[in-house]
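Numbering (our numbering), first residue to last: 59 to 237.
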């Protein structure tokens with residue numbers, strides 16, 4: 059498995075994986091018409107923008123199975139300011155269905171965090187849909203603390219409950235990962 063920074067050449071693979079992930083995971087959460095007809099176009103537009111003109115605060119990493127020549131997963135992290143405190147946002151973490159359970163998500167997190175400084179002094183947070191029980195179990199096993207709840211306005215117009223998980227220090231997440 060190769061872990062490397064994503065570039066524009068990975069646009070199709072990332073957009074397709076993201077769309078498939080949403081179609082499977084959010085099938086009973088988001089509007090079916092959106093998932094069937096618009097999710098790929100929507101995810102393509104998002105990733106086209108992010109990969110063509112990446113912000114300095116964003117880091118996108120992919121895991122690529124060199125044998126199958128297939129993207130197995132990707133992560134997008136971003137440093138930003140949240141409630142006047144510097145923080146890392148784990149914005150996206152998706153692993154292809156055929157690669158789940160092989161530690162790729164954990165390795166993506168480790169590799170992405172290894173590209174950042176100040177993990178001992180900066181917090182990390184993420185937002186996960188309240189109905190995404192598998193993701194909630196994953197993040198809780200990694201020491202995520204349920205810090206808040208909110209409502210996400212999905213691209214299809216659906217209002218979805220979400221949970222915000224935090225790690226006081228990003229190093230706590232990194233150090234919680236074992237294989």
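C-beta: ideal position from N, C-alpha, C; glycine also.
Below 8 Å, too few C-beta pairs join the region 192-200 and the region 69-76 to call them touching: fewer than three. The beta carbon of residue 81 sits closer than 7 Å to the beta carbons of 93, 97 from its chain, once the five residues preceding and following it are set aside; these are given in chain order. In this structure, the alpha-carbon of residue 59 lies about 6 Å from that of residue 121. Non-local beta-carbon contacts of residue 135 in its own chain, meaning distances under 7 Å to residues more than five positions away in sequence, involve 117, 146, 147, 148, 149, 170 in chain order.
Residue 173 counts as exposed, since fewer than 16 other beta carbons sit within 10 angstroms of its beta carbon. In the three-state reduction of the DSSP assignment, residue 88 falls in the coil class. Check the Cα spacing between residue 65 and each of 95, 218, 111, 87: the tightest is with 111.
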